[in-house]
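The next block holds one structure in the form of structure tokens; read it before the comments.
Residue numbers (UniProt numbering): 1 to 136.
Next comes the structure, spelled out in structure tokens:
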């Protein structure tokens, strides 16, 4: 079993503490392999890009992020045969950086005072100068 087989197969829990005539079920998305619902989102985007022929083996996925999306991209890129380059502000936690690097991502830190916009600008610049790379 690989990561993408586990995504979305998270437990459900009934929320019984509320007085309601409706049954309320919660999906425990933190139990996805990357720890968030972003795993499901990124997998869907990757599969769609693959089906359309936009994403092919050996390509590089580029993403500006401050966390969970980058973790999901790093994890799924590694398991599906892609490289990943993640751009994130220096203010993002070192734990997130280490996790992405553990999945093989190249993490490029951008100036904190520029926020995520600075990360986006640098990611776009990288895309323009690196054929075979794409942003999902």
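Virtual Cβ for every residue (Gly too), placed ideally from N, Cα, C.
Considering only C-alpha positions, which residue in the set the options is nearest to residue i?
{"i": "residue 15", "options": "112, 129 and 27", "result": "27"}
{"i": "residue 72", "options": "106, 32 and 126", "result": "32"}
{"i": "residue 79", "options": "126, 20 and 102", "result": "102"}
Enumerate in chain order the residues of its own chain whose CB-to-CB distance from residue i is below 8 Å, with the five nearest sequence positions on each side excluded.
{"i": "residue 115", "result": "89"}
{"i": "residue 132", "result": "58, 59 and 60"}
Where does the unbroken beta strand (DSSP E) through residue i begin, and where does it stop?
{"i": "residue 84", "result": "83-89"}
{"i": "residue 107", "result": "106-110"}
Tell me which same chain residues have a C-beta within less than 7 Å of the C-beta of residue i, skipping the five on either side of it?
{"i": "residue 66", "result": "88, 89, 92 and 116"}
{"i": "residue 112", "result": "89, 90 and 91"}
Using only the heavy atoms of the ligand FMN, determine whether one of them is closer than 8 Å to the beta carbon of residue i.
{"i": "residue 12", "result": "Ligands displayed in this structure: none; no statement on the ligand FMN is therefore possible."}
On the DSSP letters alone, give me the boundaries of the alpha helix (DSSP H) that residue i sits inside.
{"i": "residue 69", "result": "68-80"}
{"i": "residue 13", "result": "Counting along the chain, residue 13 falls outside any alpha helix (DSSP H), though it belongs to the beta strand (DSSP E) covering 12-14."}
{"i": "residue 46", "result": "38-51"}
{"i": "residue 117", "result": "115-129"}
Suppose the cutoff is 6 Å on Cβ atoms and the five residues either side in sequence are ignored; what does the same chain contact list for residue i look like?
{"i": "residue 6", "result": "33"}
From the DSSP output, in three-state form, read off residue i for me.
{"i": "residue 25", "result": "strand"}
{"i": "residue 96", "result": "helix"}
{"i": "residue 59", "result": "coil"}
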